[in-house]
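Chemist:
In the numbering used here, the protein residues as written are 66 to 127.
1) Please confirm if the stretch 75 to 93 is in contact with the stretch 114 to 122, defined as three or more CB-CB distances below 8 Å between the two stretches.
2) Measuring only the C-alpha atoms, how far is residue 93 from residue 86?
3) What's the C-alpha gap between residue 125 and residue 117?
4) So residue 102 is in the alpha helix (DSSP H); what residue range does that whole segment cover?
5) Am I right that residue 91 and residue 105 are in contact with their C-beta atoms under 8 Å? What's the rounded C-beta distance?
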């Protein structure tokens, strides 16, 4: 069970880093890929981060 929890924490950390990078990319003018695509990526990474964080909490509590 510790291995699963460790993997979930690492996955959550990587998703959070990707979210931060995409948010910083959004603030730059004249970026590629287009902002619409980056906004979709931010939404997906944010949802994944929250989902994995909830799994971590549930695994830790049980």
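A virtual CB, placed ideally from N, CA and C, is assigned to each residue, including glycine.
Modeler: This is what the structure holds:
1) yes
2) 11 Å
3) 12 Å
4) 100 to 126
5) Incorrect: roughly 11 Å between the Cβ atoms, too far for contact.
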